Amino acid sequence: MSDDYVRAILQDREGNIWVGTNNGLDRFRRTNLNPVILPFKARFAILAAGEAGDAWVANLASMVRVHGGRADPSHPMPSEALSAYRDPSGAIWWLCLDAIYRFNAGKYTRIALPPSFPKTIVPMGATEDGSGALWLTALREGIFYRKNGRWQQLETASEFAKLTPRTAFTDWMGRAWFGYEGGTMVILDQGKIQRVFPADASPVGSVRAINGRGRHIWVGGSLGLAFFDGNGFRRIGPADAETFGSVMGIEETPDGSLWLAESRGVIHIPASEAQHALDNPSYRVKYRLFDSFDGLSGTFAATGAFLKEIQGTDGGLWFFASGGIVRVDPADISTNAIPPPVLIRSVRANGKQSGSLANLVLPPLTTDLQIGYMAFSLSVPEKVHFRYRLEGVDKDWQDAGTRREAFYTRLGRGKYHFRVIACNNDGVWNEEGAHLDFNIAPTWYQTIWFRGFYVLAFFMLLWAGYQMRIHQLQEQEKKFREAVETMPALAFVADPRGNRTFMNRGWLEYTELSPEEASASGWEKTIHPEDLNRITERWRASATTGEPLDYEARLRRGSDGVYRWFLIRAVPVWDKRGKIVKWCGAATDIEDRKRAEQLQADLTHASRVSTMGELVASISHELAQPLTVTTANAKASLRWLQRDPPDLMEARKGTERIIEAGTLASEIINRLRSLYKKSSPKRELVAINEVIGEMAGMMGGEAREHGVSIRTDLKDDLPMTVADRVQLQQVLMNLMLNGIEAIKDTGGVVTVKSQLGEDGQIEISVNDTGPGLPLGKADQIFDAFFTTKPQGSGMGLAISKSIVDSHGGRIWANGDGARGATFHFTLPAAPAETNPPVDAA
């Protein structure tokens, strides 16, 4: 008490006793956690449950028995205790520095530790399995078990020697559990490891406690609470957070309730809540927290790794915190059942305190609102919690915790209803709470008259916009009508049956009909009689199918009665139901196009006639050459026969050359016939030197008649080419005859040469010693009908060029203005794989 002299004593409605003294006011109230006064500072206390609800508390070498709320120090400890375990028979096993001391019926029995155990303070744990074997684990020592008076080390558990043990427990099946720092858990049975839960699979992080009752097994750790269902772990979460804090002790009472030593204090989870969590894995439990306001001395986190919670034989629970030992009787928990009255005490708007809260009207543009409230609970006012809600703004209750103010920003004008409720230290809510009605006044632009004016102005603006739009549409219609009236086409609109309902100015001026005369079916009198039936059928078909119209017809011009051709197109306009409502069309004058088409037909006919003349000239030129050779050889053969005696050998040679020339003429005719029939040329592998030799022999007689000699300069081993043999003979004959004719008056030499060009093509040249090519005409000599000879047709070189081009080669000439002329042409060599060996030719 604050003083020995008492002035007044009062008991309030929550049962608290208030004592007024000369030096102050003292409050006395009942707490659920009852502290125990110890003869020593219990910083490293070891707890063990005794008989008749007693508790044994060891602190290094000191030990007391707590009985009836008092500590009895008349029970000395043989050695410094590091841990303790109460077996099912009621005996307490004290794990000390030098040995294990089993305390039973007031006597100690000393049991030696395994020989390898050090005589220093190290974390260790012990428990007894269903077979009566005592399991022991310690830091850096691994796992041991004692049976029949002998210690044996579990060799397969050497990896656990590096782990720090934190808790030990024996479940309903008689299996021993060990939990380690980091999260590893081990289940032992029948002298061997039955199951291992690795650290990364721990649902609670570092294991701090393993306990349970019956078939229930609970695990607590640095990350909360979990339940073992026989196969795996399920996390148990609270209703007000994601997880519990660090759980360092667990006890399940006979009624199924859970009591946890948690980082915030003692937590009680009712049996009904625990059962809901077991039935529904997603359920989040409601709980009650007991902390320093309920009698807890200190915190659990400051007591190191020692056991934090045990359950006495009478059902009472003992907790070891940094400030000492407390006891709670689960069967005698008091609850403050009186809900606290709630009061709204102040309102601040934009930083200014409001006066009376009755009929409260706040100023316009209130952007910062603070509402202060309070609740009357004198038992533990620090644990009074609040919830509030502003209807129309908050969708649900806002949890304010112990905060006694609500804050709002950016509230608009209008009426508001604010409610606040509170609960006392034991979670009993005053659901009625307190409420406040207030109004935020509107600004001038939020008043009804201004809004009415605003609506009126809006409709006026809408009306002005409507009128402007009507004017725009009228202007657009005027411009469109002007465009239609002045467009260079005859535009019209017809109803679904084809009757004209509108004709533009161009139509009326062309036909010189009045709108009344041209309306309906009056337009038909402008159509040429030969076209009318066809057009009428087209309109009827399109009206049925809905396809656009596109036809040509002759329309009569009103000024002179002349019919002109027009292209008439019309498209349908549909309504929303898919029905044709009208046709829009236009007629474009195509008289000039029709005349151009007729002129094109006439020109085509003339071209055919011209082409036929060219073809006749080509045939006459091509056949004239072999016929000339035939005539020359016939005359020579005749002269050989007229000799005395006749030279039959020479006559026979001339006759053979006549046959060859006739064969060539026949081949030329066949080639021209195949060209006319569009048949493919006859291409084959040809040795160009052979063709040159054949033509040189054939043309020899013609050359000798004019004092001309033919020489050949042929390159050996030339590749073959794929060509039409007769066409190559035609080219060589043309070029050789041209050379003979160029020097027939003066005599001379025609030289035919073959070689392989730099680009890999076969190159053939024909050279004469005549006057050369006409000056400046080298680019024209290959044009059709160009000739420098009085009796020439001008087709020989043109045909030769077309033959060479068709074979993929090139032909050209040089000797422009110089002595002699040389014609060159090239042919592509056949691929290597198609060329036969030289000796196979």
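Each step along the sequence shown adds one to the number in my numbering, with nothing skipped, and position 128 is 333. All residues carry an ideal CB built from backbone N, CA and C; glycine is no exception. Because the structure is a prediction, the values reported are computed rather than measured.
- In this structure, the beta-carbon distance from Gly727 to Trp788 does not fall below 9 Å.
- For Gly295, the closest C-alpha among the options Asp303, Leu287 and Ala310 is that of Ala310.
- Here Pro443 is not near Arg493, since their CB atoms are 9 Å or more apart.
- Separation of the CB atoms of Ala247 and Val224 is rounded to 30 Å, and the pair is thereby denied contact status at 8 Å.
- Val957 is not a Cβ neighbour of Asp921, given a cutoff of 9 Å.
- Runs of the beta strand (DSSP E) lying entirely within the region 833-913, each at least 3 residues long, are 889-891 in chain order.
- By the CB criterion at 9 Å, Phe505 and Ala526 fall inside the cutoff.
- For Gly419 and Ile398, the gap between their C-alpha atoms comes out near 22 Å.
- The DSSP-derived three-state label of Trp298 is strand.
- For the pair Leu923 and Gln960, the CB atoms are nearer than the 9 Å cut-off.
- The Cβ neighbour count for Phe771, taken over all protein chains shown within 10 Å, is at least 16; the residue is labelled buried.
- Take Phe1028, set aside five residues on each side of it, and the residues of its chain with a beta-carbon closer than 6 Å to its own are Leu940, Val971 and Ala1018, in chain order.
- Residue state for Glu946 is assigned as helix, using DSSP reduced to three classes.
- Gly670: member of the alpha helix (DSSP H) spanning Ile653 to Thr691, first to last residue.
- For Ile945, the closest alpha carbon among the candidates Gly962, Gln935, Ile967 and Gly975 is that of Gly975.
- In this structure Ala431 is in contact with Pro408, their Cβ atoms being roughly 4 Å apart against a cut-off of 8 Å.
- A Cβ-Cβ contact shorter than 9 Å links Gly638 with Val625.
- By the Cβ test, the region 540-558 is in contact with the region 567-583, since at least three Cβ pairs between them sit closer than 8 Å.
- Sequence-distant Cβ neighbours of Arg710 in its own chain, meaning closer than 6 Å and more than five residues away, are Glu690.
- Inter-segment contact for the region 640-652 and the region 665-672 is absent: fewer than three beta-carbon pairs are separated by less than 8 Å.
- With fewer than 16 other beta carbons inside 10 angstroms of its own, Tyr210 counts as exposed.
- In chain order, Gly962, Gln966, Ile967, Glu968, Gly1014 and Arg1015 place their CB closer than 7 Å to the CB of Thr1031, counting only its own chain and leaving out the 5 sequence neighbours on each side.
- Boundaries of the alpha helix (DSSP H) harbouring Gly711: Arg710 to Thr716, taken from the DSSP string.
- DSSP places Val927 within a strand segment (E or B) once states are collapsed to three.
- Per DSSP, reduced to three states, the secondary structure at Arg270 is strand.
- In the same chain as Leu359, and ignoring 5 residues on each side of it, the C-beta atoms closer than 6 Å to its own belong to Ile348, in chain order.
- Using a Cβ distance threshold of 9 Å, Phe449 and Lys588 do not count as a contacting pair.
- The three-state reading of DSSP puts Tyr650 in helix, counting H, G and I together.
- For Arg761, no alpha helix (DSSP H) segment is defined; the enclosing uninterrupted segment is the beta strand (DSSP E) at Leu754 to Arg761.
- By the beta-carbon neighbour count (other beta carbons within 10 angstroms, threshold 16), Thr332 is buried.
- Leu548 and Ser539 have their alpha carbons spaced roughly 26 Å apart.
- Leaving aside the five residues that flank Lys367 on each side, the residues in its chain whose CB is nearer than 8 Å to its CB run, in chain order, Arg345.
- Comparing alpha carbon positions, the residue from Ala901, Leu942 and Arg916 closest to Thr833 is Leu942.
- C-alpha of Phe658 to C-alpha of Gly606: approximately 47 Å in a straight line.
- Tyr306 is not a Cβ neighbour of Pro278, given a cutoff of 9 Å.
- Where Arg745 is concerned, the enclosing alpha helix (DSSP H) starts and stops at Pro734 to Thr750.
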